Amino acid sequence: DAGVIQSPRHEVTEMGQEVTLRCKPISGHDYLFWYRQTMMRGLELLIYFNNNVPIDDSGMPEDRFSAKMPNASFSTLKIQPSEPRDSAVYFCASNDPRRIENNYGYTFGSGTRLTVV
Amino acid sequence: GQQLNQSPQSMFIQEGEDVSMNCTSSSIFNTWLWYKQDPGEGPVLLIALYKAGELTSNGRLTAQFGITRKDSFLNISASIPSDVGIYFCAGPGNSGTYKYIFGTGTRLKVLA
Numbered sequence: 001d002a003g004v005i006q007s008p009r010h011e012v013t014e015m016g017q018e019v020t021l022r023c024k025p026i027s028g029h030d031y032l033f034w035y036r037q038t039m040m041r042g043l044e045l046l047i048y049f050n051n052n053v054p055i056d057d058s059g060m061p062e063d064r065f066s067a068k069m070p071n072a073s074f075s076t077l078k079i080q081p082s083e084p085r086d087s088a089v090y091f092c093a094s095n096d097p098r099r100i101e102n103n104y105g106y107t108f109g110s111g112t113r114l115t116v117v
Numbered sequence: 001g002q003q004l005n006q007s008p009q010s011m012f013i014q015e016g017e018d019v020s021m022n023c024t025s026s027s028i029f030n031t032w033l034w035y036k037q038d039p040g041e042g043p044v045l046l047i048a049l050y051k052a053g054e055l056t057s058n059g060r061l062t063a064q065f066g067i068t069r070k071d072s073f074l075n076i077s078a079s080i081p082s083d084v085g086i087y088f089c090a091g092p093g094n095s096g097t098y099k100y101i102f103g104t105g106t107r108l109k110v111l112a
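As you go down the protein sequences, you meet chains S and C in turn.
Here the first sequence is numbered in this note's numbering, starting from 1 and rising by one per residue.
Here the second sequence is numbered in this note's numbering, starting from 1 and rising by one per residue.
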């Protein structure tokens, strides 16, 4: 299993530009989560999906942030327009809590380090 | 909202020493997870706990689910340089959901 795959690994963009982060969950996992990590706020849950449907987006900071999951193997997190305070590491994670070996823990991707200048 | 506080925030230890860290919650949890994050990578699950008082080991790591259900503890025995990283506790944001919140983290540095 290739694990959760995120792209790009690093993104540097100018303020005001649109940024799209991508995630491919582990095959068969029907939960997908987007987290943001900063020094100040730690790991924050932004949104999560179950069977491609957004369940809780209460962590999405502003309307500038949007997330989609058009199918079971792909999700995007978009920021438009981007601002310097959006600079952070964005993680995608997936899980299938029905599988005992998952132990109810998520599998995280390696993250996308976003820098907005 | 729910908060998970970890202590210590960071620690330097000598190789071979044992390490202890803890996590406290403002509310009762029915599951506790412990993750480790290596530099430049995502967190990786180390241990999952499901019952108050439960003690679970994974190699040199041992974690305990506090009997009050508001805390958990992680111990690392005979630390080695590759133990360096950030250790996070996590618990379900609301009972019955898969929305996990993460603690503030304990940053561990091991001096060879």
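Even for Gly, the Cβ is constructed at its ideal location relative to N, Cα and C.
Model, not experiment: these values are computed from the prediction.
Report all residues from its chain with a CB closer than 7 Å to the CB of residue i; omit the five preceding and five following residues, and keep chain order.
i, result
"C/L55", "T62, Q64"
"C/I47", "W34, T56, N58, L61, A63"
"C/W32", "L49, F65, S72, C89, G91"
"S/G59", "E44, L45, L46, I47"
Let me know the secondary structure DSSP gives residue i once reduced to three states.
i, result
"C/P39", "coil"
"C/P92", "strand"
"S/N7", "The question names Asn, but residue 7 of chain S in the sequence shown is Ser. Here S/S7 sits in strand by DSSP."
List, in chain order, every chain S residue whose beta-carbon is nearer than 8 Å to that of residue i.
i, result
"C/T104", "G42"
"C/L45", "N103, G105, Y106, T107"
"C/L116", "No answer is possible for residue 116 of chain C: it lies beyond the span of chain C, which begins at 1 and ends at 112."
Since residue i meets chain S, which of its residues come closer than 9 Å, beta carbon to beta carbon?
i, result
"C/Y98", "Y31, F33, Y48, N50, I55, N95, P97, Y104, Y106"
"C/I101", "L43, E44, L45"
Check the Cβ of residue i against every Cβ in chain C and list those closer than 7 Å, keeping chain order.
i, result
"S/F91", "G42"
Near residue i, what residues of its chain come up, given a Cβ to Cβ distance below 6 Å and the 5 sequence neighbours on each side ignored?
i, result
"S/V12", "T115"
For residue i and residue j, which I take to be in contact (beta-carbon distance under 8 Å), what is that distance rounded to the nearest angstrom?
i, j, result
"S/Y106", "S/F33", "6 Å"
"C/E17", "C/P81", "About 12 Å separates the two Cβ atoms, so there is no contact after all."
Quick one: which chain C residues come within Cβ less than 9 Å of residue i?
i, result
"S/S110", "G40, E41, G42"
Quick one: which chain C residues come within Cβ less than 8 Å of residue i?
i, result
"S/L21", "Neighbours of S/L21 on chain C: none; closest Cβ ~13 Å, over 8 Å."
"S/L77", "Those do not exist, as S/L77 stays about 15 Å from chain C at its closest Cβ, beyond 8 Å."
Tell me which same chain residues have a C-beta within less than 8 Å of the C-beta of residue i, skipping the five on either side of it?
i, result
"S/D54", "Note on residue identity: the sequence assigns Pro, not Asp, to residue 54 of chain S. For S/P54, where only same-chain residues beyond five positions count, the Cβ hits under 8 Å are I47, Y48, A67, M69."
Segments of 3+ residues assigned as beta strand (DSSP E) that fall wholly inside the segment 16-95 of chain S:
19-24, 31-38, 42-50, 53-56, 65-71, 74-79, 88-95
Length-filtered (4 minimum) alpha helix (DSSP H) runs lying within the segment 1-80 of chain C:
none
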